[in-house]
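K.L.:
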Amino acid sequence: MHGDIAEVLFSAQDIHKRVQALGRQISNDLAGREAVVLALLKGSVLFFSDLVRSIDAPVKVDFAWASSYGSGTTSSGQIHLKVFPEGDLRGRTVVVVDDILDTGRTLDTVVRRIREEHGATDVRTCVLLDKQARRSVDIRADYTGFPVDDVFVVGYGLDYADRYRNLPYIGVLKPECYQS
Ligand code: XMP
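Take a look at the structure:
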């Protein structure tokens, strides 16, 4: 597994420090208001579990699953929502958490649906990584962990074909691992 990584971009310690800082920022902004923190499966689960524990405010947790990738590294452009939030989001403050903002289609679709179909009034977004170079939709996250270049990264929840999620760090996957 580690041998498939060309370069470690963010160590477990870098990630821990940054997630703590994001948690403090979100806590300050919420100022004691209750929020629903919504994890986008599956990629954000490690980030999400650390992030919610660093938020010092009352939160509820919920999950949604939006898939844009098959087993490849490029988006199909079609965002398919497979799992929807279970709780009532009407009138709520929701913080949508994703692993990486790439083209922006996933987050844009989810945010719209959370507002328009689930009735949340205040929807904020938090991503661990921002791959700005590939953006095709006009969206910016309210909270961002780290900017990242246009490279395919895995670890700390991020996968290739559902592998590498359990790496404690984030690294660049060697191209030979996904190019046949
Ligand atoms: P969009 O393009 O909709 O994509 O912003 C967001 C989703 O694409 C996946 N993604 C990646 N997954 N390494 C990954 O493991 C990457 O470098 C990468 N780039 C995009 C990810 O699932 C994200 O939620």
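Under the numbering used here, the first residue of the sequence shown carries the number 1346, and numbering increases by one thereafter.
Note that CB positions come from ideal geometry on N, CA and C, so glycine has one too.
1. Where do the ends of the alpha helix (DSSP H) carrying glutamate 1461 lie?
2. Name the one or two DSSP bridge partners that arginine 1508 has.
3. What number of angstroms, rounded off, separates the C-alpha of valine 1382 from the C-alpha of proline 1430?
4. Can you list, in chain order, the residues of its chain with a C-beta nearer than 6 Å to that of arginine 1460? Leave out the 5 residues immediately preceding and following it.
5. Do the region 1440-1460 and the region 1469-1485 meet, that is, are 3 or more Cβ pairs less than 8 Å apart?
6. For leucine 1503, which residues of its own chain have a beta-carbon under 6 Å away from its beta-carbon, when the five flanking residues on both sides are left out?
7. Figure out for me which residue from Asp1487, Lys1427 and Val1496 has the closest Cα to the Cα of glycine 1516.
8. Do the region 1348-1359 and the region 1368-1379 make contact, defined as three or more Cβ pairs closer than 8 Å?
9. Taking only runs that begin and end inside the region 1359-1428, name each unbroken alpha helix (DSSP H) of 4 or more residues, in chain order.
10. Between which two residues does the beta strand (DSSP E) harbouring arginine 1479 extend?
11. Is alanine 1366 buried or exposed, if buried means 16 or more other CB atoms sit within 10 Å of its CB?
12. In the DSSP assignment, what are the bridge partners of phenylalanine 1355?
P.N.:
Well, looking at it:
1. 1450-1461
2. Tyr1505
3. 10 Å
4. Val1468
5. yes
6. Gly1388 and Asp1444
7. Val1496
8. no
9. 1390-1399
10. Arginine 1479 -> no beta strand (DSSP E), and no H or E assigned at all.
11. exposed
12. Ile1515
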